[in-house]
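In the working numbering, the protein residues as written are 51 to 198. Written below as structure tokens is the structure these notes are about.
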């Protein structure tokens, strides 16, 4: 049975001839893969900006969330450092991915899949200053206040 889903136009432009337009790994994959434009060596305990060689355009009211690829995280401890990273709908610069290496020295090769992107719909948010906020049962309880 074919499921009808909302479609969102996501436009990518190559800024470099070797850039790879993102692809989906399967027909119903939630995320699409971003590819490394160049090879990089990320030493253990370090992080790096990984170029994609792409810029993009998405409709207002949406964002792209950049997330780790599970295989890189599990097998090599390579993760998107600010996961999920956000690409705003009005950003037109090159898409870069911050990868952190929590394992051994690791080499990213040109054309490797380095992260995945997810399209997320955003509500219109209005920020309002108030004199006080309502109370709740949890109150000011912070980290760990509800148990482990």
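Glycine included, each C-beta is placed from N, C-alpha and C at the ideal position. Source: prediction; values computed, not measured.
**Item:** beta strand (DSSP E) segments (min. 3 residues) lying fully within the stretch 129-174
**Value:** Secondary structure in the stretch 129-174: the beta strand (DSSP E) runs of 3 residues or longer, each lying completely within the stretch, are 135-137, 146-151, 156-158, 163-171 in chain order.
**Message:** Need the endpoints of the alpha helix (DSSP H) that residue 122 sits in, please.
**Reply:** Residue mapping note: residue 122 aligns to position 72 of the chain shown, counting from 1. Start and end: 120-126.
**Stretch-stretch touch, CB-based, cutoff 8 Å, three pairs: the stretch 188-197 with the stretch 110-120** = Contact between the stretch 188-197 and the stretch 110-120 is absent: fewer than 3 CB-CB pairs across the two stretches fall below 8 Å.
**Buried versus exposed, by CB contacts within 10 Å (16 or more), residue 75** = Indexing the chain shown from 1 puts residue 75 at position 25. An exposed status is given to residue 75, since fewer than 16 other beta-carbon atoms sit within 10 Å of its beta-carbon.
**Prompt:** In angstroms, rounded to a whole number, what distance separates the CA positions of residue 149 and residue 77?
**Reply:** Reading the chain shown from its first residue, position 99 is the one you call residue 149. Reading the chain shown from its first residue, position 27 is the one you call residue 77. Roughly 26 Å between the two C-alpha positions.
**Message:** Tell me the DSSP secondary structure of residue 98 in three-state form.
**Reply:** Residue 98 sits at position 48 when you count from the first residue of the chain shown. Secondary structure of residue 98 (DSSP, three-state): strand.
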